[in-house]
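Colleague: Chains as they are written, first to last, in our numbering: chain A, 1 to 114; chain B, 1001 to 1111.
Virtual Cβ for every residue (Gly too), placed ideally from N, Cα, C.
1) Counting only beta-carbon atoms, is residue 1098 of chain B nearer than 8 Å to chain A?
2) Starting from the C-beta of residue 36 of chain A, find all residues in its chain whose C-beta is less than 8 Å away, skip the five residues before and the five after it, and write them out in chain order.
3) Mind checking whether residue 1032 of chain B and residue 1072 of chain B have CB atoms under 8 Å apart?
4) So, with DSSP's three-state summary, where would you put residue 1090 of chain B?
5) Name the residue from A:9, A:49, A:73 and A:64 whose alpha carbon lies nearest to the alpha carbon of residue 29 of chain A.
6) Rounded to whole angstroms, what is the Cα-Cα separation between residue 85 of chain A and residue 2 of chain A?
7) In angstroms, rounded to a whole number, what distance separates the CA positions of residue 1096 of chain B and residue 1066 of chain B?
8) Which partner residues does residue 1010 of chain B have in the DSSP bridge list?
9) Suppose you measure from the CA of residue 17 of chain A to the CA of residue 1063 of chain B; what does that come to, to the nearest Å?
10) Residue 24 of chain A to residue 97 of chain A, Cα distance in whole Å?
11) From the beta carbon of residue 1041 of chain B, is the nearest beta carbon of chain A less than 8 Å away?
12) Measuring CA to CA, which of A:63, A:41, A:88 and A:103 is closest to residue 14 of chain A?
13) Residues of chain A with a CB under 9 Å from the CB of residue 1102 of chain B: which are they?
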């Protein structure tokens, strides 16, 4: 099946700093990628949908200025959590869509903001 | 936003027993998918059932779909300790672009 690589798998940062998470589709081109957030013992919540070469579409309640998404190529999308605060600590999961095969998920990034 | 609800939220069983999880959704669908997530890990795709299918099997997994009731169930037979995980159903959002997940059922299988 298709492979989606997400990096880093775990990051700790100080409050007020920015953190970038990368999501790559390794063996297919993904015109659409998705970012989800998952708090402990909760489900995955869709944050935004990013289309290659255009602005991301954010779900209601997600601050676009805080969660910057860049989808500059067909194989790479990045999520930058700007000025991170402890309440941003969460598990972030990216996903990429292969039009023929479906939607595939990265292994997730655990963000801990101190 | 979340598409639906799973029940139960948590389920504890002994090895060898069967585990049944239910999922309800709100909008019309083309298909419904089930995923597993081990604690703190990524998602594993289990099975997809199309809207014109009523039942589907894959190994020890049996999925049913009732579109009239907007519900689906996942049955894991002869459960093993390794089945301990959270299980989520997922459908496509109204925009037709992204998977939306239910709240999930946390399954604990003790040996």
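Modeller: This is what the structure gives:
1) Interface residue, yes.
2) Around residue 36 of chain A: 44, 45, 46, 47, 92, 93, 94 and 95.
3) Judged by beta-carbon spacing, residue 1072 of chain B lies within the 8 Å limit of residue 1032 of chain B, meaning their Cβ atoms are closer than that value.
4) Three-state result, residue 1090 of chain B: strand.
5) Checked all of A:9, A:49, A:73 and A:64; the closest Cα to residue 29 of chain A is A:73.
6) Taking the straight line joining both Cα atoms gives about 34 Å.
7) So the two alpha carbons sit approximately 21 Å from each other.
8) Looking at the DSSP assignment, residue 1010 of chain B forms a beta bridge with B:1106.
9) A straight-line Cα-Cα distance of about 45 Å links residue 17 of chain A and residue 1063 of chain B.
10) So the alpha carbons of these two residues sit roughly 11 Å apart.
11) Closer than 8 Å to some Cβ of chain A, the Cβ of residue 1041 of chain B qualifies, so yes.
12) If we check each option's Cα against that of residue 14 of chain A, A:88 comes out closest.
13) Chain A residues near residue 1102 of chain B: 43.
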